[in-house]
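Its first residue numbered 766, the sequence shown is counted upward by one per residue in the working numbering. For glycine and all other residues, C-beta sits at the position ideal for the given N, C-alpha and C. All of these numbers come straight from a predicted model, not from anything done at the bench.
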Amino acid sequence: RMERFQREAHVLASLNHQNIAAIYGLETWESMRALVMELVEGPTLADRIGRGPMPIEEVLPIAKQIADALEYAHERGVVHRDLKHANIKVTPEGQVKVLDFGLAKAMSGEAQAATLSNSPTLSLAGTQAGVILGTAAYMSPEQAKGKTVDRRADIWAFGVVVFEMLTGKMLFSGETASETMAQVMMKEPAWDALPPATPLRLRELLHRCLVKQPRNRLRDIGDA
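Right, here's the structure in full:
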């Protein structure tokens, strides 16, 4: 595990994009290893969504910057796998920074075990119920089923985040992680919760991002 952690850290440190929080190094202290990440000022998107629905003129620039960050990473073989509103910050100048690419899995072509370890926060923060619940709400259906994950899991999570910016509410939520994952796998999004003024093209994009079968989902975040 430590060898993989170090190998991934080198890959992730190579990501250099204005919308991705930079990783500056891999440090060892006593028996612990840690990624050193750029300090990003400003609230998380979770803080902003918690205040209620966001106007479309605020949503679109943020969504575009998130998509730009994911496109850059995907083109370099890196999938975030834990994208959620708490992992996205917006600086006072309006610049988006996607955090915690350190939890991502570099796409190496190796077969992944079909387990919930495909969602890093679930495995690494197993004792923190709130963290697990937060992650479960953004997991793609294939992640919830423990299947192999690729860039389309990030496209699903992107759709969830944009949906929540527009509505000010969580798209999937249950009292437990299991209930939340069951909703992700079985429940269709409440499309009527979108504001009536949501542009048709944006509605179409969300429909394409939030298809439960990954083979029918939007295939490239650059298209978003």
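From what residue to what residue does the beta strand (DSSP E) around residue i run?
i, result
"Trp-794", "788–794"
"Arg-798", "797–802"
"Ile-853", "853–855"
What number of angstroms, rounded off, separates the C-alpha of residue i from the C-alpha of residue j?
i, j, result
"Arg-769", "Pro-961", "47 Å"
"Glu-836", "Leu-791", "25 Å"
"Val-843", "Asp-988", "17 Å"
"Met-904", "Asn-784", "22 Å"
"Ser-952", "Ser-938", "The question names Ser, yet the displayed sequence has Lys at residue 952. One C-alpha to the other measures close to 11 Å."
"Arg-772", "Thr-900", "24 Å"
"Asn-981", "Leu-975", "10 Å"
"Gln-877", "Leu-777", "In this prediction, Gln-877 has a pLDDT of 44, which is less than 50 and means its spatial position is unreliable; what the coordinates show is noted afterwards. If you take the alpha carbons of Gln-877 and Leu-777, they lie about 19 Å apart."
"Met-950", "Ala-942", "12 Å"
"Ser-779", "Leu-800", "13 Å"
"Asp-812", "Gly-859", "14 Å"
"Arg-968", "Met-819", "15 Å"
"Glu-840", "Glu-940", "37 Å"
"Arg-766", "Asn-852", "23 Å"
"Glu-795", "Phe-866", "24 Å"
"Leu-898", "Gly-911", "With a pLDDT of only 45 at Leu-898, under the threshold of 50, the placement of this residue in the model should not be trusted, and no figure is reported."
Please tell me whether residue i and residue j are closer than 9 Å, where the distance is taken between their beta carbons.
i, j, result
"Leu-848", "Ile-827", "no"
"Val-925", "Ala-947", "no"
"Thr-809", "His-850", "yes"
"Thr-932", "Ala-958", "yes"
"Ile-814", "Ile-920", "no"
"Ala-955", "His-845", "no"
"Met-802", "Tyr-789", "yes"
"Met-930", "Val-824", "yes"
"Thr-963", "Ile-821", "yes"
"Ala-834", "Val-861", "yes"
"Gly-817", "Lys-854", "no"
"Lys-977", "Pro-906", "yes"
Let me check one thing: in DSSP terms, what residues is residue i bridge-paired to?
i, result
"Lys-977", "For Lys-977, which the question treats as bridged, DSSP gives no partner whatsoever."
"Ile-785", "Val-863"
Would you grab the beta carbon distance between residue i and residue j for me? Rounded to a whole angstrom, and I think it's under 8 Å.
i, j, result
"Leu-864", "Val-914", "With a Cβ gap of about 19 Å, Leu-864 and Val-914 do not count as contacting."
"Arg-973", "Leu-983", "4 Å"
"Asn-781", "Ala-774", "In fact, because the Cβ distance is near 15 Å, the residues do not count as touching under 8 Å."
"Pro-979", "Arg-917", "4 Å"
"Phe-928", "Leu-970", "Not a contact, Cβ separation roughly 10 Å."
Considering just the uninterrupted stretch of the alpha helix (DSSP H) at residue i, what are its terminal residues?
i, result
"Ala-834", "821–840"
"Ile-814", "810–814"
"Gly-949", "First, the amino acid is wrong: residue 949 is Val here, not Gly. 942–951 is the span of the alpha helix (DSSP H), which, as asked, contains Val-949."
"Ile-920", "916–932"
"Pro-906", "906–909"
"Ala-778", "767–778"
Compare the C-beta of residue i against all C-beta atoms of chain D and say whether one is closer than 9 Å.
i, result
"Glu-929", "In the structure shown, chain D cannot be found, because there is only a single protein chain."
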